[in-house]
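Numbering follows the working numbering, with no gaps: position 33 of the sequence shown is 82.
Structure first, commentary second.
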Amino acid sequence: NRLDEQLRQSEQHNRRLIDGMPNGFALHEIICDENGVPDDYRFLKVNTAFEKVTGLKAEDIIGRTVLQVLPNLEPFWIATYGKVALLGKPIHFDRFSPEFQKYYDVHAFSPKKNQIATVFTDITERKLSEIATSHSEKLFRRTFDLSPIGVAMLDVKGHFVKVNQEVCRITGFSAEELCQMTFMDITHPDDIESSKEQAGALLQGNVDQVQLDKRYIRKDGSMIWTRVSSRMIRDSDNNPLYFIPMIEDIDESKKLADEQSVLLDLLRIITEESNLSELVIKVLHFLKNWTKVDAIALRLKRGMDYPYYLTLGFPESFVERETSICRRDFDSGTFNKTDIAASVECMCGNVIVGQSSKFASFLTKGGSFYTNSTTMLLAGLDDYC
Numbered sequence: 050n051r052l053d054e055q056l057r058q059s060e061q062h063n064r065r066l067i068d069g070m071p072n073g074f075a076l077h078e079i080i081c082d083e084n085g086v087p088d089d090y091r092f093l094k095v096n097t098a099f100e101k102v103t104g105l106k107a108e109d110i111i112g113r114t115v116l117q118v119l120p121n122l123e124p125f126w127i128a129t130y131g132k133v134a135l136l137g138k139p140i141h142f143d144r145f146s147p148e149f150q151k152y153y154d155v156h157a158f159s160p161k162k163n164q165i166a167t168v169f170t171d172i173t174e175r176k177l178s179e180i181a182t183s184h185s186e187k188l189f190r191r192t193f194d195l196s197p198i199g200v201a202m203l204d205v206k207g208h209f210v211k212v213n214q215e216v217c218r219i220t221g222f223s224a225e226e227l228c229q230m231t232f233m234d235i236t237h238p239d240d241i242e243s244s245k246e247q248a249g250a251l252l253q254g255n256v257d258q259v260q261l262d263k264r265y266i267r268k269d270g271s272m273i274w275t276r277v278s279s280r281m282i283r284d285s286d287n288n289p290l291y292f293i294p295m296i297e298d299i300d301e302s303k304k305l306a307d308e309q310s311v312l313l314d315l316l317r318i319i320t321e322e323s324n325l326s327e328l329v330i331k332v333l334h335f336l337k338n339w340t341k342v343d344a345i346a347l348r349l350k351r352g353m354d355y356p357y358y359l360t361l362g363f364p365e366s367f368v369e370r371e372t373s374i375c376r377r378d379f380d381s382g383t384f385n386k387t388d389i390a391a392s393v394e395c396m397c398g399n400v401i402v403g404q405s406s407k408f409a410s411f412l413t414k415g416g417s418f419y420t421n422s423t424t425m426l427l428a429g430l431d432d433y434c
């Protein structure tokens, strides 16, 4: 009698424990066909949480088989529980149940031969959140990588963390190279201060978004105009995490706008009433201010030579010494009587008579040249002229 009472109390205790579990619990008996292959299982016991999670009532299912309760049940459940019951090896898995339209986290084990005990939790909300997050991340990654506009991610110190292919095309640097740099490393010196000001405004939270037309220095040393719109990504506590700049290549449109502006200004100068001398002076002053050069001059042909017609910014001693571009006979002080193409000297002379090549790196298609080292340029001139 004492043993019976202890057993009864133990069963009541276990039942209270099982019924009080926040997880669904069910005890099943596996059913096999004539070949010993599991083809069904019977409900022996379920707790209150099971009823809540599945919507099935204990009085409707205890003693019945799962295929009687759920005729269209996936074969996966019977096969999986059958292995646990027959082999005695526990299993843990996540699974979507079409019957209940829910995701379950399931622990299954065999308390004794041919029985399966399952403890499971409804993880539908968490799973859907993970799927949505994963989908959002994939969508963001695809949008990021395939965007026709340059998109980058920078840390709060301005170091590149991630860039897409358009940023690489705009700057000429690879993604690996850029991720070793800061945005200041490729910003044109004249645009550094304005870039710092806007980055500071975003960092301090004074603005949500900034936009700036700025120049980047490409890997090959050339300059490119861009329009950069930037936002700051912050965490839940409003701490700054990343700068997200969107970089648009506006180099061609910027150059076109500049050219149109120059043409309009030149047209205005030309249409003003003035004689030729005044016109030349105005145009030269305009070109000097527009190009921001220190000095500018105009040569006009006179006889066999091309002396300076007008100079701005050059010392008088230089103008006097360099006004002639023809070789002279230093004994007689007269011009050589040879062909003009052979008698001119210096780069101005070479350009005037067309002794130039478009294949030289310092020569334009039209035959103009630009260099900061005339000595080096002349030293290699034989290769081009």
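Ideal placement from N, C-alpha and C gives every residue a C-beta, glycine not left out.
Under DSSP, M281 forms a beta bridge with F292. In this structure G362 is exposed. Its beta-carbon is surrounded by fewer than 16 other beta-carbon atoms within 10 angstroms. Taking T170 as reference, the option from I235, D257, E100 with the minimal CA-CA separation is E100. Under the Cβ criterion (8 angstroms, minimum of three pairs), the region 120-128 does not count as touching the region 103-111.
Under DSSP, I79 takes part in a beta bridge, and its partners are Y90.
Counting C-beta atoms within 10 angstroms of its own C-beta, T340 has fewer than 16 neighbours from the protein chains shown and is therefore classed as exposed. Three or more beta-carbon pairs separated by less than 8 angstroms link the region 272-279 to the region 294-306, which places the two stretches in contact. Q260 has S278 as its beta-bridge partners, per DSSP. Under the 8 angstroms Cβ criterion, the region 321-339 counts as touching the region 356-373, having at least three qualifying pairs.
When C-beta atoms of the region 286-293 are compared with those of the region 199-209, three or more pairs fall below 8 angstroms, so the two segments count as touching. Assignment of alpha helix (DSSP H) within the region 214-271, counting only whole runs of 4 or more residues, yields 214-220, 224-227, 241-253 in chain order. In the three-state scheme derived from DSSP, where H, G and I count as helix and E and B as strand, S159 is classed as coil. About 7 angstroms separates the beta carbon of T220 from that of K268, a gap short enough to meet the 8 angstroms contact definition. According to the DSSP assignment, F142 belongs to the beta strand (DSSP E) that extends over 140-146. Proximity to T173 across V102, P124, Q164 peaks at V102, based on C-alpha coordinates. In this structure G352 is not in contact with I374, their Cβ atoms being roughly 12 angstroms apart against a cut-off of 8 angstroms. Counting along the chain, Y358 sits inside the beta strand (DSSP E) bounded by residues 357-361. Partner residues in a beta bridge of K303, as assigned by DSSP, do not exist.
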